[in-house]
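Asker: Supplied in structure tokens, the structure appears directly below.
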Amino acid sequence: MKKGLAWATVLLALPSLAVGQGQKMPPLPPPTPPAAAPTPGTNAPTKITLDEAIRLSLQHNHAMQAARTTILQNEAEEVTANLRPNPNLSWDSQFFPLFSPSQFSADYLENQAQFDVGISYLIERGKKRQHRLQAAKDQTAVSRSTVTDNERTLIFNTSQQFISVLLAQSTLDLAKQDAESFQQTVNISESRYKTGDMSESDLLKIKLQLLQFQSDLSAAKLAKIQALAGLRQFLGFESVADDFDVSGDLTYQPVHADMQALKGLAMQDRPDLRAAQEGVTAARSQEALMRANGKKDLSVSFDYTHTAGINSGAFFFNIDLPIFDRNQGEIARARFAITQAEETALETAQQVNTDIVDAYAALHSNDEIIQLYQNGYIDQAKQSRDITEYAYKRGAASLLDFLDAERTYRSNQLAYRQALASYMTALEQMRQAVGTRDLP
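According to the numbering used here, the sequence shown is numbered sequentially starting from 1.
As structure tokens, this is what we get:
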């Protein structure tokens, strides 16, 4: 009796990850379950630096932890890809006298009934298992680079939000300073009003100006709270205490880097470019697998049969004849996928160059603005305010002159702080574009 042989089919799912943009990250640790995050208020830092914020975001950001699981998923796909087909065991019994039970006896079973036991195995041709495993490994490499690129983007977002907190804190400090300073002016003006040296109209104008300072202070406090909440979103809410704050100042750090050197460094370090290049390798592995799948597999089986008192064995061989289906459609699709991956890699390389040019221009534009402030505008605005205030308190300047000098000084200080924040953000953008935080 001829037995049919079950075919073993192994399906590979190779999930693709979107390619992001960016900068070189620390090497990814071996995939392990994430450590339990600290409970808010227990051994959690209350003041963190930028480096600490980046470390916390990489460790505790939930979106980042979710992205890392794709590496584990692809490694599990490697296990599936390397599995061999299972052997198939079959058996049957025939010619039982179910409708004539009186004939049922040991002699009947021995001489008239038939028993079959068979084992079969699918021999994969074309090195399918090796090609499946290589395709899975290549896809895992793409996943690792893509996760590294996600880390680069997370670092930039965390740094940018950290700078927003620094700007909010600096603006808050300025608002407190201005409010306290102007309160002294109000106190002096009230004394002058009582002695008849100031009209009630001028006193009301000064008090109304104090309201503006107090409003600015309230707005600065709100901006600081919102900036901290945005930063905590990147860090993971459970990674820091509820009353956490940042440590640092808005600073100017000049960078003198050559654009061509930055482009060369980016071509080496950008993980999204590396992922795109590895995508070409993965596409070629897929084509090799599709060609291997075009090879028809051989089924081999052996049956043991006991019938009419005779024991016998039989070998069976089964293979499809590749007359019509030679997997030519999937092979053609895989070839087009290689072209698609190559074009994607070229487009990513162009995007890297564009990012460098944009970041370089933004950094130098902000650098020029900082130089303008530091080369005189800051001191000039302060001197103008101090001179006008001194003259006003001694009756040598009008109220309008004093209020105008005060507004000019405050606007100048706010603009300078925003320029510093813009420069620091542009510097982080440059680091993201190059792919490393260590610029030449």
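We put the beta carbon where it would ideally sit given N, CA and C, even for glycine.
State the beta-bridge partners of V117 as determined by DSSP.
Answerer: Taking the first residue of the sequence shown as 1, we reach residue 117 at position 117. V117 pairs with W91, Y304.
Asker: DSSP state of K47, grouped into three classes?
Answerer: Within the sequence shown, residue 47 is the residue found at index 47, counting from 1. Strand.
Asker: Tell me, to the nearest whole angstrom, how far the beta carbon of S285 is from that of Q73; I am working on the premise that it is less than 8 angstroms.
Answerer: Stepping through the sequence shown from its first residue, residue 285 is reached at position 285. Stepping through the sequence shown from its first residue, residue 73 is reached at position 73. No, S285 and Q73 are not in contact; Cβ-Cβ is about 18 angstroms, not under 8 angstroms.
Asker: Looking only at C-alpha atoms, which of F234, E330, S299, Y416 sits nearest to E52?
Answerer: Taking the sequence shown and counting its residues from 1, one reaches residue 52 at position 52. Measuring from the Cα of E52, the nearest candidate turns out to be F234.
Asker: In three-state terms, what does DSSP make of D197?
Answerer: By 1-based counting over the sequence shown, the position of residue 197 is 197. Residue state, collapsed to three classes: coil.
Asker: In chain order, what residues of the same chain have a beta carbon less than 7 angstroms from the beta carbon of D243, not counting five sequence neighbours either side?
Answerer: Here residue 243 corresponds to residue number 243 of the sequence shown, with the count starting at 1. Cβ neighbours of D243 beyond the five flanking positions: T46.
Asker: Let me check one thing: in DSSP terms, what residues is A314 bridge-paired to?
Answerer: Mapped onto the sequence shown, residue 314 falls at position 314. Answer by DSSP bridge pairing, in chain order: D303.
Asker: In whole angstroms, give me the CA-to-CA distance for E389 and D404.
Answerer: To locate residue 389, count along the sequence shown from 1; it is residue 389. To locate residue 404, count along the sequence shown from 1; it is residue 404. Rounded to whole angstroms, E389 to D404 spans 10 angstroms at the Cα level.
Asker: For the region 145-163 against the region 322-341, are there 3 or more C-beta pairs whose distance is under 8 angstroms?
Answerer: Touching, no, given that fewer than three Cβ pairs across the two stretches are closer than 8 angstroms.
Asker: Does the beta carbon of A179 come closer than 7 angstroms to any beta carbon on chain B?
Answerer: Among the protein chains of the structure shown there is no chain B, as only one such chain exists.
Asker: Helix, strand or coil: how does DSSP classify V246 here?
Answerer: Sequence index remark: in the sequence shown, residue 246 carries index 246 (1-based). Looking at V246 - three-state DSSP - the assignment turns out to be strand.
Asker: Here's a check: name, in chain order, each residue in its chain whose Cβ is nearer than 6 angstroms to the Cβ of R407, leaving out the five neighbours to either side.
Answerer: Position 407 of the sequence shown, counted from the first residue, corresponds to residue 407. Nothing listed; no residue qualifies.
Asker: Helix, strand or coil for I123? Go by DSSP, reduced to three states.
Answerer: For the purposes of this step, residue 123 is identified with residue 123 of the sequence shown, where counting begins at 1. Three-state DSSP puts I123 in a strand.
Asker: My output table needs one value for L211: the three-state DSSP class, helix, strand or coil.
Answerer: As a working mapping, residue 211 is identified with position 211 in the sequence shown. In the structure shown, L211 sits in a helix (DSSP, three-state: H, G or I).
Asker: Note down, in chain order, each residue of its chain lying with its Cβ closer than 6 angstroms to the Cβ of A359, except the 5 sequence neighbours on either side.
Answerer: Here residue 359 corresponds to residue number 359 of the sequence shown, with the count starting at 1. Same-chain partners within the cutoff: Q429, M430, A433.
Asker: If V147 sits next to R55, beta carbons under 8 angstroms apart, how far is it from one beta carbon to the other, in whole angstroms?
Answerer: Numbered from 1 along the sequence shown, position 147 holds the residue referred to as residue 147. Numbered from 1 along the sequence shown, position 55 holds the residue referred to as residue 55. The pair is not a contact, with the Cβ atoms about 17 angstroms apart (cut-off 8 angstroms).
Asker: Between L217 and L166, which are expected to be in contact by the criterion C-beta below 8 angstroms, what is the C-beta distance as a whole number of angstroms?
Answerer: Locating residue 217 in the sequence shown gives position 217, counting from the first residue. Locating residue 166 in the sequence shown gives position 166, counting from the first residue. About 18 angstroms; that fails the 8 angstroms criterion.
Asker: From what residue to what residue does the alpha helix (DSSP H) around G294 run?
Answerer: Here residue 294 is taken as the residue at index 294 of the sequence shown, counted from 1. First-last for G294: undefined, no H or E at that position.
Asker: Could you check whether the region 361-369 touches the region 310-317, counting it as contact only if at least three pairs of C-beta atoms, one from each stretch, sit closer than 8 angstroms?
Answerer: Taking 8 angstroms as the limit for Cβ pairs, the verdict is that the region 310-317 does not touch the region 361-369.
Asker: Taking a contact to mean a Cβ-Cβ separation below 7 angstroms, would you say H131 touches A292 in this structure?
Answerer: Here the question's residue 131 lines up with position 131 in the sequence shown. Here the question's residue 292 lines up with position 292 in the sequence shown. For H131 and A292, yes; Cβs fall inside 7 angstroms.
Asker: What are the residues that DSSP puts in a beta bridge with I378?
Answerer: Mapped onto the sequence shown, residue 378 falls at position 378. Paired residues: none, contrary to the question.
Asker: Are there three or more Cβ pairs, one per stretch, closer than 8 angstroms when the region 106-126 is compared with the region 84-95?
Answerer: These segments touch.
Asker: Return the residue from the list G309, Y423, M424, S365 that minimises the CA-CA distance to A113.
Answerer: For the purposes of this step, residue 113 is taken as residue 113 along the sequence shown, with counting starting at 1. When only C-alpha atoms are compared, the closest one is G309.
Asker: Expressed to the nearest angstrom, what Euclidean distance is found between the alpha-carbon atoms of P271 and K137?
Answerer: The sequence position of residue 271 within the sequence shown is 271, counting from 1. The sequence position of residue 137 within the sequence shown is 137, counting from 1. One C-alpha to the other measures close to 17 angstroms.
Asker: Leaving out five residues on either side along the sequence, give the residues of the same chain with a beta carbon under 8 angstroms from the beta carbon of Q214.
Answerer: Taking the first residue of the sequence shown as 1, we reach residue 214 at position 214. These residues qualify, in order along the chain: A179.
Asker: Q66 to T140, Cα distance in whole Å?
Answerer: For this step, residue 66 is matched to residue 66 along the sequence shown. For this step, residue 140 is matched to residue 140 along the sequence shown. Per the sequence shown, the amino acid found at residue 66 is Ala instead of Gln. So the two alpha carbons sit approximately 16 angstroms from each other.
Asker: Looking only at its chain, what residues have a beta carbon closer than 7 angstroms to the beta carbon of K263, apart from the 5 residues adjacent to it on each side?
Answerer: Translated into the one-based positions of the sequence shown, residue 263 becomes position 263. Taken in chain order, the residues that qualify are N353, I356.
Asker: Whose C-beta lies closer than 7 angstroms to the C-beta of T425 among residues of the same chain, with five residues either side of it excluded?
Answerer: The residue labelled residue 425 in the question sits at position 425 within the sequence shown. Here the set comprises Q160, I163.
Asker: Given a threshold of 16 other Cβ atoms within 10 Å of its Cβ, counted over all protein chains shown, does Q371 qualify as buried or as exposed?
Answerer: If you number the sequence shown from 1, residue 371 lands on position 371. Exposed, by the Cβ-count rule.
Asker: Helix, strand or coil: which one does DSSP assign to I323?
Answerer: Residue 323 sits at position 323 when you count from the first residue of the sequence shown. Coil at I323, not helix or strand.
Asker: With distance defined between alpha-carbon atoms, name the residue in N150, K296, A175 nearest to L321.
Answerer: On the sequence shown, position 321 is the one that residue 321 refers to. Among N150, K296, A175, the Cα nearest to that of L321 is on K296.
Asker: Short of 6 angstroms in beta carbon distance, which residues of its chain neighbour H306, apart from the five on each side in sequence? Order them along the chain.
Answerer: Taking the sequence shown and counting its residues from 1, one reaches residue 306 at position 306. Cβ within range, chain order: F115.
Asker: Grab me the residues of Y304's own chain with a C-beta within less than 6 angstroms of its C-beta, minus the 5 sequence neighbours each way, in chain order.
Answerer: Residue numbering aside, residue 304 sits at position 304 when the sequence shown is read from its first letter. Contacts found: V117, G313.
Asker: Output the residue ranges of the beta strand (DSSP E) runs that lie fully inside the region 227-292 and measure 3 residues or longer, sorted by chain position.
Answerer: Entirely contained in the region 227-292, not one beta strand (DSSP E) run reaches 3 residues.
Asker: Excluding the five sequence neighbours on either side, which residues of its own chain have a C-beta within less than 8 angstroms of the C-beta of Q177, listed in chain order?
Answerer: Here the question's residue 177 lines up with position 177 in the sequence shown. Contacts found: none.
Asker: Under 7 angstroms between the Cβ atoms of I378 and Y416?
Answerer: On the sequence shown, residue 378 is found 378 positions in, with the first residue counted as 1. On the sequence shown, residue 416 is found 416 positions in, with the first residue counted as 1. Cβ distance < 7 angstroms, so I378 and Y416 count as in contact.
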